[in-house]
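Chains as they are written, first to last, in the working numbering: chain A, 4 to 333; chain B, 4 to 333. Cβ coordinates follow ideal geometry from the N, Cα and C atoms, glycine included.
2 protein chains.
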Amino acid sequence: MNTLEMPKLQTSLDDEVEEVSKMLVEAASLNYPMLSGILQAIIQAGGKRLRPRMALLAAGVAGHPEAIDHLKLKQVAAAVEMLHTATLVHDDTIDEALLRRGSATLNSMLSGGTVILVGDYLFAQSAILITRPGNPHVVQIFAECLATICDGELTQIFSTRHWKQSREEYNKRIYSKTAALFATACELGAIMGGADEELVGRLRRFGHLLGMGFQIVDDIIDFQPSEITGKATGGDLRQGIVTLPTMLFFEMAEPQDADFVKKVVGNKAASDADIQKAVELIRNSKAFEAAYTEAHDFIQRAKDCLADEAESESLHSLLKIADYALGREK
Amino acid sequence: MNTLEMPKLQTSLDDEVEEVSKMLVEAASLNYPMLSGILQAIIQAGGKRLRPRMALLAAGVAGHPEAIDHLKLKQVAAAVEMLHTATLVHDDTIDEALLRRGSATLNSMLSGGTVILVGDYLFAQSAILITRPGNPHVVQIFAECLATICDGELTQIFSTRHWKQSREEYNKRIYSKTAALFATACELGAIMGGADEELVGRLRRFGHLLGMGFQIVDDIIDFQPSEITGKATGGDLRQGIVTLPTMLFFEMAEPQDADFVKKVVGNKAASDADIQKAVELIRNSKAFEAAYTEAHDFIQRAKDCLADEAESESLHSLLKIADYALGREK
Numbered sequence: 004m005n006t007l008e009m010p011k012l013q014t015s016l017d018d019e020v021e022e023v024s025k026m027l028v029e030a031a032s033l034n035y036p037m038l039s040g041i042l043q044a045i046i047q048a049g050g051k052r053l054r055p056r057m058a059l060l061a062a063g064v065a066g067h068p069e070a071i072d073h074l075k076l077k078q079v080a081a082a083v084e085m086l087h088t089a090t091l092v093h094d095d096t097i098d099e100a101l102l103r104r105g106s107a108t109l110n111s112m113l114s115g116g117t118v119i120l121v122g123d124y125l126f127a128q129s130a131i132l133i134t135r136p137g138n139p140h141v142v143q144i145f146a147e148c149l150a151t152i153c154d155g156e157l158t159q160i161f162s163t164r165h166w167k168q169s170r171e172e173y174n175k176r177i178y179s180k181t182a183a184l185f186a187t188a189c190e191l192g193a194i195m196g197g198a199d200e201e202l203v204g205r206l207r208r209f210g211h212l213l214g215m216g217f218q219i220v221d222d223i224i225d226f227q228p229s230e231i232t233g234k235a236t237g238g239d240l241r242q243g244i245v246t247l248p249t250m251l252f253f254e255m256a257e258p259q260d261a262d263f264v265k266k267v268v269g270n271k272a273a274s275d276a277d278i279q280k281a282v283e284l285i286r287n288s289k290a291f292e293a294a295y296t297e298a299h300d301f302i303q304r305a306k307d308c309l310a311d312e313a314e315s316e317s318l319h320s321l322l323k324i325a326d327y328a329l330g331r332e333k
Numbered sequence: 004m005n006t007l008e009m010p011k012l013q014t015s016l017d018d019e020v021e022e023v024s025k026m027l028v029e030a031a032s033l034n035y036p037m038l039s040g041i042l043q044a045i046i047q048a049g050g051k052r053l054r055p056r057m058a059l060l061a062a063g064v065a066g067h068p069e070a071i072d073h074l075k076l077k078q079v080a081a082a083v084e085m086l087h088t089a090t091l092v093h094d095d096t097i098d099e100a101l102l103r104r105g106s107a108t109l110n111s112m113l114s115g116g117t118v119i120l121v122g123d124y125l126f127a128q129s130a131i132l133i134t135r136p137g138n139p140h141v142v143q144i145f146a147e148c149l150a151t152i153c154d155g156e157l158t159q160i161f162s163t164r165h166w167k168q169s170r171e172e173y174n175k176r177i178y179s180k181t182a183a184l185f186a187t188a189c190e191l192g193a194i195m196g197g198a199d200e201e202l203v204g205r206l207r208r209f210g211h212l213l214g215m216g217f218q219i220v221d222d223i224i225d226f227q228p229s230e231i232t233g234k235a236t237g238g239d240l241r242q243g244i245v246t247l248p249t250m251l252f253f254e255m256a257e258p259q260d261a262d263f264v265k266k267v268v269g270n271k272a273a274s275d276a277d278i279q280k281a282v283e284l285i286r287n288s289k290a291f292e293a294a295y296t297e298a299h300d301f302i303q304r305a306k307d308c309l310a311d312e313a314e315s316e317s318l319h320s321l322l323k324i325a326d327y328a329l330g331r332e333k
């Protein structure tokens, strides 16, 4: 998704993340050698473990180290990452993720039905992990998050190739796609850390706003030249998905330029040249900078949620993740 | 799956099942008119609500009517049915189920990606329903069941087109496919009914054995002429899936007949005539009757689990379901 290195975070975090990764590997082990290998590759390709890190750090911010059951906290962190992985598998984007890391793609090795089942299996494993701590409230927050994610993906399918979308629709979509799980990671971490209700709410809000900013940055990166990002440019436009830079472009551009991009969005068979032209129109417009400003505002509002929190290594690391989310674009 | 009418069960049950159905409809409502209609059709096409009936009756057998929270019990029953529906959607068999009821098929109306998401959405709804009663033990049993189902479906994919399978493998497969959810329905119903641990275990065992017999009968029905069953004959053989009648046939038939069927199983491009011939060889063999005897034995063992139970309307209805499961074949 980016080439920017993760910043150095709280030292003890890496060990905990390592243990979360071990839990994930164990939960994804199966008796079929071939499939097991693929599952392990998916789990290992898990990248930066951003979501479990957020859960672990939110628990740290809660500030009751003596109250934390570290095994249960790690189970929750692992469940969040497993859910993320399962949605990636069903989202088909895992192909791209694996490809980026030089592995074969999932769909090239397995039939469609098997891919569905692999995703289902990972869903089931995330459900098992989230029940381990024996906290029904935690399970319920997790299940609601899953429903939100599914609802959002369905919305995306039904809004594809429609250039006319409200800001409200876009915000709802990126919330479902990204911010809901960020919010859940922070909320569950805070609960496992023994935070009071007010702080749980604030950490959830932090995750929510951070996730919104993170996804807008992702949507911006999609317009960057592939030399910089290492992935194809304009993937969203090609798929008929309207994201913030495009929406702002429709509002701010000359009518004939806006019309051109609208036609590209609505056209399944748009040529590479037309897509490229649309990408460049947007990237070189004021809309592009305006989208970045919006991402910046979300991240700032996220950080503001924790402005009055007592200094701690966990807090410091959480704020670094917020800066990292924004900095990926530069 | 069959033309046999469900037997008359405990009178109060129909009202409870009706309320469970309402819960399912509500949980599957979405804001996209077209998709919402399809989801409702899937839910309405839910057939006999066998699994929620088992959960409700198991609670009745537990014999502590004063201890039962009927809302929570119905939530559990609805979660079980929702999970069943979600697996059907991903299993693609929902197409067949809808077709049988004269509706359009799911895959003909939606793209593959949407079908996956619809299934995921129903999974999420089942997860939400199962968290409602706030009992982590219940959620955990449910999540383990989901993992078992997924594992079994993966096994099925990896064993397709291999004629050589052990009885152990077959039993594991039909347990995952059918008996695990039957067992879970009874176990969760028993827990919600306030049964002690011993009775919970016995009701789970009842559901398990009943599910084994039920699936064997299903596998037998697959060989019956379509004039009787209303569905295509030999679907399993066509897909290269070896079930009990075929396994017993390999053990009991003349070598040249067994070899013929083995070739059909292993051949993706087997002709309709060859499949029909294989079906008839099996249906007219002693293996076919032997498979039925095995189903009968499972059902009998299921009923034996409850032999010492005090007479009650719930018990009576549960035993009727067992007889019904077996009778579908005749």
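query: My understanding is that Met85/A touches Cys189/A, with C-beta atoms under 8 Å, so please give their C-beta distance in whole angstroms.; result: Met85/A to Cys189/A, Cβ: 17 Å. No contact.
query: Could you name each continuous alpha helix (DSSP H) segment of 4 residues or more that falls completely within the segment 198-222 of chain A, going from the start of the chain to the end?; result: none
query: Taking Glu190/A as part of the alpha helix (DSSP H), name the residues at either end of that continuous run.; result: Ala183 to Met195
query: Mind listing the chain B neighbours of His93/A? Cutoff is C-beta to C-beta under 8 Å, in chain order.; result: Ile119, Leu120 and Asp123
query: For a quick check, are the C-beta atoms of Thr187/B and Gln218/B less than 7 Å apart?; result: no
query: Is the separation between the beta-carbon of Ala183/A and that of Cys148/A shorter than 7 Å?; result: yes
query: Just verifying my parser: in three-state terms, what is the DSSP assignment at Met57/B?; result: helix
query: Apart from the five residues just before and just after Ala80/B, which ones in its own chain have a Cβ nearer than 6 Å to its Cβ?; result: Val23, Pro55, Ala58 and Leu59
query: Since Gln259/A is in the alpha helix (DSSP H), which residue starts that stretch and which ends it?; result: Pro258 to Gly269
query: Can you round the beta-carbon distance between Val142/A and Thr151/A to whole angstroms, since I take them to be within the 8 Å contact cut?; result: Not really, about 15 Å apart at Cβ, beyond 8 Å.
query: Which residue comes first and which comes last in the alpha helix (DSSP H) that contains Asp326/B?; result: Glu316 to Gly330
query: Mind listing the chain B neighbours of Asp199/A? Cutoff is C-beta to C-beta under 7 Å, in chain order.; result: Chain B residues near Asp199/A: none, gap ~21 Å exceeds 7 Å.
query: With a cut-off of 8 Å, do at least 3 Cβ pairs link the segment 238-247 of chain A to the segment 211-227 of chain A?; result: yes
query: Can you list, in chain order, the residues of its chain with a C-beta nearer than 6 Å to that of Asp222/B? Leave out the 5 residues immediately preceding and following it.; result: Thr246 and Leu247
query: I need the straight-line Cα distance from Glu312/A to His140/A, nearest angstrom please.; result: 25 Å
query: Does any C-beta atom of chain B lie closer than 7 Å to the C-beta of Ile131/A?; result: yes
query: So Gln143/A contacts chain B; which residues on that side make the cut at Cβ distance below 7 Å?; result: Thr134
query: Just reading off the alpha helix (DSSP H) that Glu254/A is part of, what are its end residues?; result: Leu247 to Met255
query: Checking contacts by CB at 7 Å: is Gly216/A closer than that to chain B?; result: no
query: Looking only at its chain, what residues have a beta carbon closer than 8 Å to the beta carbon of Arg176/A, apart from the 5 residues adjacent to it on each side?; result: Gly155, Thr158, Gln159 and Ser162
query: Run through chain A and tell me which residues come within less than 7 Å of Phe185/B, C-beta to C-beta.; result: By Cβ distance, chain A contributes nothing, its closest Cβ being about 18 Å from Phe185/B, past 7 Å.
query: In chain B, which residues lie with their C-beta within 7 Å of the C-beta of Asn335/A?; result: Since the first residue shown for chain A is 4 and the last is 333, residue 335/A is missing from the structure and cannot be characterised.
query: Counting along the chain, where does the alpha helix (DSSP H) carrying Glu292/B start and finish?; result: Lys289 to Asp307
query: Under 7 Å, Cβ to Cβ, is there at least one residue of chain A near Leu149/B?; result: yes
query: Quick one: Cα of Leu191/A to Cα of Asp260/A, how far?; result: 45 Å
query: What's the gap between the Cα of Ala281/B and the Cα of Phe226/B?; result: 10 Å
query: Return the residues of the segment 70-89 of chain A that lie within a Cβ-Cβ distance of less than 7 Å from chain B, sorted by chain order.; result: none
query: What separation, rounded to the nearest whole angstrom, lies between the Cα atoms of Asp123/B and Leu91/A?; result: 12 Å
query: Can you give me the C-alpha to C-alpha distance between Asp300/B and Asn174/B, rounded to a whole angstrom?; result: 14 Å
query: Does DSSP put His87/A in a helix, a strand or coil?; result: helix
query: Would you mind stating whether Ala82/A and Ser129/A have Cβ atoms separated by less than 7 Å?; result: yes
query: According to DSSP, simplified to helix, strand and coil, what is Lys167/A?; result: coil
query: Contact defined as beta carbons within less than 8 Å: I believe Leu213/A pairs with Ala89/A. What is the distance between those atoms, to the nearest angstrom?; result: Actually they do not touch by this definition, with Cβ atoms about 22 Å apart.
query: Note down, in chain order, each residue of its chain lying with its Cβ closer than 7 Å to the Cβ of Ser317/B, except the 5 sequence neighbours on either side.; result: Gln13, Leu60, Gly63 and Val64
query: Drop a sphere of 10 angstroms on the beta-carbon of Gln303/B, count the other beta-carbons inside from all chains shown, and report buried for 16 or more, exposed for fewer.; result: exposed
query: Pull up the distance between the alpha-carbon of Asp198/B and that of Glu69/B, whole angstroms please.; result: Here residue 198/B turns out to be Ala, not Asp, going by the sequence shown. Each residue's Cα considered, the two are about 12 Å apart.
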